[in-house]
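Please read the structure below before turning to the comments.
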Ligand SMILES: [Zn+2]
């Protein structure tokens, strides 16, 4: 089973892939309408909003948490 490199979501069905393209390493939630991958800042913003809403926490804390989570994923790991 593949996991989205940009958000960590398991990709179980072809419907989880952008434009139903199973050669992609990221899910449809991490893709633009044209199938290209979103940037770190776009995902960071999305995940921050999601966290603030889901856990009813302060935006600043959600932003920090989102950053830590995203940075652990293969797409956003720091490169050396
Ligand atoms: Zn994703």
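Numbering (the working numbering), first residue to last: -3 to 76. Glycine included, each C-beta is placed from N, C-alpha and C at the ideal position.
Rounded C-alpha distance that separates residue i from residue j
i: residue 66; j: residue 56; result: 15 Å
i: residue 30; j: residue 20; result: 13 Å
i: residue 23; j: residue 35; result: 13 Å
i: residue 18; j: residue 10; result: 6 Å
i: residue 32; j: residue 51; result: 29 Å
i: residue 37; j: residue 14; result: 19 Å
i: residue -2; j: residue 53; result: 31 Å
i: residue 43; j: residue 0; result: 14 Å
i: residue 64; j: residue 70; result: 13 Å
i: residue 26; j: residue 3; result: 7 Å
i: residue 61; j: residue 7; result: 23 Å
Every unbroken alpha helix (DSSP H) inside the region 21 to 54 [4 residues or more]: 36 to 50
Which residues have a Cβ closer than 6 Å to any heavy atom of ligand 1, listed in chain order? 0, 2, 3, 5, 22, 23, 25, 26
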